[in-house]
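Going down the list, the protein sequences come from chains A and B.
Taking my numbering, the leading residue of the first sequence gets 11, the next gets one more, and so forth.
Taking my numbering, the leading residue of the second sequence gets 27, the next gets one more, and so forth.
No residue lacks a Cβ here, since even glycine has one placed at the ideal position from N, Cα and C.
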Amino acid sequence: MDERCLRRRIDSTAASQRLRRYAAARFEPAWLALWAVALTARQAQTPDAWLLGRRGLSRALLWPGALAHDTLDGEAQARSALMLGGDAVDDACPSPEAFARWWLWERLAKPRLWPLRVQPATLQRLWLPLWLGYHEGRQTRLIVLSGVSGEALGALKPAVLAALRAGARA
Amino acid sequence: MGAFTVWDSIVLVVYVLGIAWVGARFGKSQATTQDYFLGGRKIPGWAIGLSVMATQASAITFIGAPGWGFEGGLQRLVTFINVPLAMAVLIVVLVPIFHRAGIYSIYELLERRFGPLTRSLAALLFLIARGLATGVVLYAPALVLSVVTGWSVDLTIVLMAVIAVGYTVLGGISAVIWTDVIQMFVLWLGAILSMLLMVSSLPGGWSDVFAFGAAHGMFDTIDLSLDPTVTYSLWAGLIGGVVMHVAYFGTDQSQIQRVLTSPSIAEGQRSLLIGGYLLVPQMLLFLFIGVMLAAYYQQHGLTPPENLNELFPRYVVEAFPVGITGLVIAGVFAAAMSSLDSALNSLSAVSVRDFYARFVRPDADERHYLKASRWATVFWGLYATLFAFFAGNLGPVIEAVNRIGSWFYGALLGVFLLAVLSRRSNGRGAVAGMLMGMAAVWAASHLGISWLYQNAVGLGVSLAVGYGVSLSAPAPGREQLADVTLEETAPDMQALLRRRSAAATPLGRDARVTRTRCLGLLAWFVISLLALGGLQLWAHAHG
Numbered sequence: 011m012d013e014r015c016l017r018r019r020i021d022s023t024a025a026s027q028r029l030r031r032y033a034a035a036r037f038e039p040a041w042l043a044l045w046a047v048a049l050t051a052r053q054a055q056t057p058d059a060w061l062l063g064r065r066g067l068s069r070a071l072l073w074p075g076a077l078a079h080d081t082l083d084g085e086a087q088a089r090s091a092l093m094l095g096g097d098a099v100d101d102a103c104p105s106p107e108a109f110a111r112w113w114l115w116e117r118l119a120k121p122r123l124w125p126l127r128v129q130p131a132t133l134q135r136l137w138l139p140l141w142l143g144y145h146e147g148r149q150t151r152l153i154v155l156s157g158v159s160g161e162a163l164g165a166l167k168p169a170v171l172a173a174l175r176a177g178a179r180a
Numbered sequence: 027m028g029a030f031t032v033w034d035s036i037v038l039v040v041y042v043l044g045i046a047w048v049g050a051r052f053g054k055s056q057a058t059t060q061d062y063f064l065g066g067r068k069i070p071g072w073a074i075g076l077s078v079m080a081t082q083a084s085a086i087t088f089i090g091a092p093g094w095g096f097e098g099g100l101q102r103l104v105t106f107i108n109v110p111l112a113m114a115v116l117i118v119v120l121v122p123i124f125h126r127a128g129i130y131s132i133y134e135l136l137e138r139r140f141g142p143l144t145r146s147l148a149a150l151l152f153l154i155a156r157g158l159a160t161g162v163v164l165y166a167p168a169l170v171l172s173v174v175t176g177w178s179v180d181l182t183i184v185l186m187a188v189i190a191v192g193y194t195v196l197g198g199i200s201a202v203i204w205t206d207v208i209q210m211f212v213l214w215l216g217a218i219l220s221m222l223l224m225v226s227s228l229p230g231g232w233s234d235v236f237a238f239g240a241a242h243g244m245f246d247t248i249d250l251s252l253d254p255t256v257t258y259s260l261w262a263g264l265i266g267g268v269v270m271h272v273a274y275f276g277t278d279q280s281q282i283q284r285v286l287t288s289p290s291i292a293e294g295q296r297s298l299l300i301g302g303y304l305l306v307p308q309m310l311l312f313l314f315i316g317v318m319l320a321a322y323y324q325q326h327g328l329t330p331p332e333n334l335n336e337l338f339p340r341y342v343v344e345a346f347p348v349g350i351t352g353l354v355i356a357g358v359f360a361a362a363m364s365s366l367d368s369a370l371n372s373l374s375a376v377s378v379r380d381f382y383a384r385f386v387r388p389d390a391d392e393r394h395y396l397k398a399s400r401w402a403t404v405f406w407g408l409y410a411t412l413f414a415f416f417a418g419n420l421g422p423v424i425e426a427v428n429r430i431g432s433w434f435y436g437a438l439l440g441v442f443l444l445a446v447l448s449r450r451s452n453g454r455g456a457v458a459g460m461l462m463g464m465a466a467v468w469a470a471s472h473l474g475i476s477w478l479y480q481n482a483v484g485l486g487v488s489l490a491v492g493y494g495v496s497l498s499a500p501a502p503g504r505e506q507l508a509d510v511t512l513e514e515t516a517p518d519m520q521a522l523l524r525r526r527s528a529a530a531t532p533l534g535r536d537a538r539v540t541r542t543r544c545l546g547l548l549a550w551f552v553i554s555l556l557a558l559g560g561l562q563l564w565a566h567a568h569g
């Protein structure tokens with residue numbers, strides 16, 4: 011696999027500590043396939059930020075600054091981790107219009123971001139490291155934690171659930 | 027001393043221009059850095075919290091609360107004593123759900139759950155309520171300016187509206203957290219300085235203030251009367267006040283927008299936390315200034331102005347040293363701009379996202395929508411300006427803002443709670459609940475009961491009617507519940523998640539959910555209540 015991925019910064023010890031706070035009983039590493047486009051004020055400029063999304067998400071993720079990416083091959087943990095959504099390339103890639111619309115709503119609330127535009131030519135697939143926690147109660151609840159920041163990413167849950175379901179059916 | 031001098035004017039102009047420069051400079055550089063995009067992840071939490079507080083209340087607190095304190099002492103603190111409890115409810119219940127839903131305006135959640143009509147109705151109510159309240163927020167700094175300059179209030183309202191709309195259309199200055207922090211400190215500095223000056227002008231100093239307060243019942247904060255017509259009873263503050271503040275901070279887009287745009291749930295929760303701790307002491311500070319002003323006016327044989335909103339600005343101009351007056355008045359100005367900027371921006375964003383882009387021009391390009399949002403800002407500026415002309419008749423400005431919210435927010439909160447807590451409720455019930463909730467508030471306002479209960483009445487009626495009417499129509503499908511109850515509860519997903527969980531690594535020891543943040547807020551509420559009770563007992567013993 012020679013694919014780009016964001017570097018996993020939260021190791022299993024840190025992830026387990028954070029997931030305990032969310033009442034998780036078990037956990038595992040995972041990677042979710044997303045698509046990224048650059049945001050710049052002018053074409054050919056260094057990207058100010060990146061917008062990360064996937065069809066089915068109601069909102070995109072903002073990645074400020076340069077993408078600190080690696081290749082999935084270089085990530086030792088990738089070999090044993092759950093790979094989510096990597097197969098359905100065409101199905102899950104949002105259209106350039108979808109990215110433009112996501113970005114419009116993001117910046118409408120922040121006038122200072124208005125000059126930045128989506129650059130569709132920069133579209134690329136990118137693997138986002140995650141930690142999945144499982145809470146065992148009356149029902150099993152999924153907790154999605156970013157492998158980069160360690161924050162809970164509830165907004166990604168529908169995408170993770172859909173990818174899990176697709177993976178189980180395949 | 028005694029007038030707003032040329033030096034004060036210079037300080038005012040330099041301060042406002044300085045804040046604008048800091049905002050523009052930091053804003054420009056931040057737009058290309060992580061800090062800006064991450065909502066200030068590298069900026070300390072206390073600064074973010076202070077910035078939230080600056081957006082919430084600073085200028086109108088500065089102007090309105092001393093008027094309240096002058097009139098009724100610390101009695102009206104019960105309106106705010108509930109804020110830690112309200113913030114705890116928001117942190118535990120609503121923030122995770124709103125954040126998880128990945129929405130830009132909270133009214134979208136209602137559309138996914140109840141359909142487009144509920145979203146449109148809720149967004150419309152927000153626009154009306156927030157538009158009116160923005161009129162009050164506009165009136166407050168205009169009043170200060172008119173007191174300082176001697177110009178008519180109407181003229182200054184128009185002037186302030188032009189400046190505020192200009193700020194917002196051109197990009198706003200308040201998005202920079204540090205300018206908000208500076209403003210908060212300037213206002214607090216002004217408050218503390220005014221206390222010191224007042225005390226030094228009283229022959230007996232602090233003992234005069236406490237003796238005056240005790241003798242006039244100004245430290246009676248806790249009224250245990252169960253009579254619902256008693257406006258500021260503890261129960262009105264607890265029952266009505268909690269609902270009011272949960273509704274205000276949780277269903278008003280201008281307040282919750284910062285939580286929705288925060289990069290994580292924890293970040294969103296943190297931004298509410300500092301308000302939960304500091305709003306009560308801040309109100310206490312400004313109400314106490316009102317008590318001190320009452321003692322000051324009595325001892326100096328002065329006649330208070332007819333409009334009590336003018337009380338504190340007048341004192342600042344008359345008593346503060348040259349230069350400091352300009353600084354404090356400029357702080358009020360800049361803080362008001364920060365609130366106005368945020369209110370106009372959220373009004374414009376909801377107008378475009380929840381109405382224009384759905385019903386008028388669904389397929390326009392982004393450039394068109396950005397232009398539309400600028401025009402929407404101008405429109406809401408005009409709307410607020412018109413209402414500001416009448417705001418002076420609504421009594422102290424804080425109460426005016428809260429009263430306007432009381433007309434709508436209880437019913438709105440009821441619909442949100444139906445969306446989040448009840449799987450049986452549907453669109454028909456939500457719309458009926460919202461309309462009947464508001465009708466009930468209107469009816470309650472004619473019964474003479476405390477206005478603080480109005481939100482609770484709206485909430486109770488909208489929940490009961492909403493649920494009852496929902497039973498007359500089919501229950502919503504699973505896909506409609508997905509955003510709030512999550513599709514992980516579906517049987518096939520449960521089987522899948524159980525399989526994955528069984529194969530995953532155990533976490534070692536029993537997991538616990540940490541709720542220390544909310545426990546801290548509850549403890550803070552109890553401490554505040556006990557402190558106020560102690561002050562009241564002391565006052566009765568010495569009064």
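Q | Reduced DSSP category for B/CYS544 - H, G, I as helix; E, B as strand; rest coil | A | Here residue 544 of chain B corresponds to residue number 518 of the second sequence, with the count starting at 1. In the structure shown, B/CYS544 sits in a helix (DSSP, three-state: H, G or I).
Q | Sufficient close CB pairs (3 or more, under 8 Å) joining the region 92–108 of chain B to the region 311–326 of chain B | A | They touch, by the three-pair rule.
Q. Measuring CB to CB, does B/LEU522 end up less than 8 Å from A/ALA178?
A. In the second sequence, residue 522 of chain B corresponds to position 496, counting from 1. In the first sequence, residue 178 of chain A corresponds to position 168, counting from 1. Annotated as proximal: B/LEU522 and A/ALA178, with beta-carbon spacing under 8 Å.
Q: Using alpha carbons as the reference points, say which of B/ALA417, B/PRO388 and B/TYR382 lies closest to B/ARG400.
A: For the purposes of this step, residue 400 of chain B is identified with residue 374 of the second sequence, where counting begins at 1. It is B/TYR382.
Q: Could you name the residues of chain B that A/PHE37 contacts, counting a contact when the two beta carbons are closer than 7 Å?
A: Along the first sequence, one-based indexing puts residue 37 of chain A at 27. In chain order: ALA530, THR531 and LEU533.
Q. Would B/VAL224 count as contacting chain A if we go by Cβ distances under 8 Å?
A. Along the second sequence, one-based indexing puts residue 224 of chain B at 198. The sequence as given places Met at residue 224 of chain B; Val does not occur at that position. No, no contact with chain A.
Q: With DSSP collapsed to three states, give me the class of B/GLN295.
A: Numbered from its first residue, the second sequence carries residue 295 of chain B at position 269. Helix, per DSSP.
Q: Give the straight-line distance between the Cα atoms of B/MET462 and B/ILE117, rounded to the nearest whole angstrom.
A: Counting from one through the second sequence, the residue named residue 462 of chain B turns up at place 436. Counting from one through the second sequence, the residue named residue 117 of chain B turns up at place 91. B/MET462 and B/ILE117: Cα-Cα distance of roughly 28 Å.
**Q.** Paired residues, beta bridge with A/PHE37 - DSSP
**A.** Stepping through the first sequence from its first residue, residue 37 of chain A is reached at position 27. A/GLY143 and B/THR531.
Q: For B/MET363, go through chain A and note every residue whose CB falls closer than 9 Å to its CB, in chain order.
A: Here residue 363 of chain B corresponds to residue number 337 of the second sequence, with the count starting at 1. Chain A residues near B/MET363: none, gap ~14 Å exceeds 9 Å.
Q: Under 7 Å between beta-carbons, which chain B residues line up against A/ARG151? List them in chain order, please.
A: One-based indexing of the first sequence puts residue 151 of chain A at position 141. Those are GLU514, listed as they occur along chain B.
**Q.** Min CB distance A/ALA110 to chain B below 8 Å
**A.** Within the first sequence, residue 110 of chain A is the residue found at index 100, counting from 1. So yes, A/ALA110 belongs to the interface.
Q: Can you have a look at B/ASP391 and say buried or exposed, based on whether 16 or more other CB atoms are within 10 angstroms of its CB?
A: For this step, residue 391 of chain B is matched to residue 365 along the second sequence. Flag for B/ASP391 reads exposed.
(Q) Here's a check: name, in chain order, each residue in its chain whose Cβ is nearer than 7 Å to the Cβ of B/THR277, leaving out the five neighbours to either side. (A) Here residue 277 of chain B refers to the residue found at position 251 when the second sequence is read from its first residue. Excluding sequence neighbours, B/THR277 sits near ILE132, TYR435, LEU438, LEU439 and PHE442.
Q.
Is there a C-beta anywhere in chain B that falls below 8 Å from the one on A/ALA176?
A. For the purposes of this step, residue 176 of chain A is taken as the residue at position 166 of the first sequence. It does not: the Cβ of A/ALA176 has no partner Cβ on chain B nearer than 8 Å.
Q.
On a Cα-Cα basis, can you pick out the residue from B/GLY431, B/ILE107, B/THR515 and B/LEU313 that is closest to B/ARG449?
A. Looking up residue 449 of chain B in the second sequence gives position 423. Per the Cα distances, B/THR515.
Q.
Helix, strand or coil, according to DSSP, for B/ILE132 in the structure here?
A. Here residue 132 of chain B corresponds to residue number 106 of the second sequence, with the count starting at 1. It is coil, neither helix nor strand.
Q: Sort out for me which residues DSSP pairs A/ALA46 with in a bridge.
A: Residue mapping note: residue 46 of chain A aligns to position 36 of the first sequence, counting from 1. DSSP, once it has assigned bridges, lists A/LEU62 and A/GLN134 as partnering A/ALA46.
Q) Using a Cβ-Cβ cut-off of 6 Å (strictly less than) and excluding sequence neighbours within five positions of B/ALA414, which residues of its own chain qualify? A) Locating residue 414 of chain B in the second sequence gives position 388, where the first residue counts as 1. So the qualifying residues of the chain are GLY161, LEU164, TYR165 and ILE183.
Q: Could you tell me how far apart the beta carbons of B/LEU169 and B/ILE86 are, in whole angstroms, since I believe they sit closer than 8 Å?
A: Looking up residue 169 of chain B in the second sequence gives position 143. Looking up residue 86 of chain B in the second sequence gives position 60. So it is not a contact: roughly 10 Å between Cβ atoms.
Q. Would you say B/TYR395 reaches chain A, if we count a Cβ-Cβ gap shorter than 8 Å as a contact?
A. For the purposes of this step, residue 395 of chain B is identified with residue 369 of the second sequence, where counting begins at 1. Chain A, which has a Cβ nearer than 8 Å to the Cβ of B/TYR395, makes this yes.
Q) Who pairs with A/ARG127 in a beta bridge, going by DSSP? A) Here residue 127 of chain A is taken as the residue at index 117 of the first sequence, counted from 1. Answer is A/THR50, bridged to A/ARG127.
Q) Going along chain B, which residues have a C-beta under 8 Å from A/GLY63? A) The residue given as residue 63 of chain A occupies position 53 in the first sequence. Near A/GLY63 there are no residues of chain B at all, since even the closest Cβ is about 10 Å away, more than 8 Å.
Q: Quickly, what does DSSP pair A/PRO74 with across the bridge? List them, please.
A: On the first sequence, position 64 is the one that residue 74 of chain A refers to. A/PRO74 pairs with A/ALA59.
Q. Does DSSP put A/ILE153 in a helix, a strand or coil?
A. Here residue 153 of chain A refers to the residue found at position 143 when the first sequence is read from its first residue. In the structure shown, A/ILE153 sits in a strand (DSSP, three-state: E or B).
Q: Run the CB neighbour count on B/PRO347, radius 10 Å, all protein chains shown included, and call it buried at 16 or more, exposed below.
A: On the second sequence, position 321 is the one that residue 347 of chain B refers to. Counting Cβ neighbours within 10 Å, B/PRO347 comes out exposed, since fewer than 16 surround it.
(Q) What would DSSP say about B/LEU328, mapped onto helix, strand or coil? (A) One-based indexing of the second sequence puts residue 328 of chain B at position 302. B/LEU328: coil per DSSP, three-state reduction.
Q.
Against chain A, does B/GLN520 count as a neighbour if the rule is that its beta carbon must be under 8 Å from one of theirs?
A. By 1-based counting over the second sequence, the position of residue 520 of chain B is 494. True, the Cβ-Cβ gap to chain A drops below 8 Å.
Q. Comparing the C-beta of A/SER68 with each C-beta of chain B, is any distance below 8 Å?
A. Counting from one through the first sequence, the residue named residue 68 of chain A turns up at place 58. Cβ-Cβ to chain B under 8 Å: yes for A/SER68.
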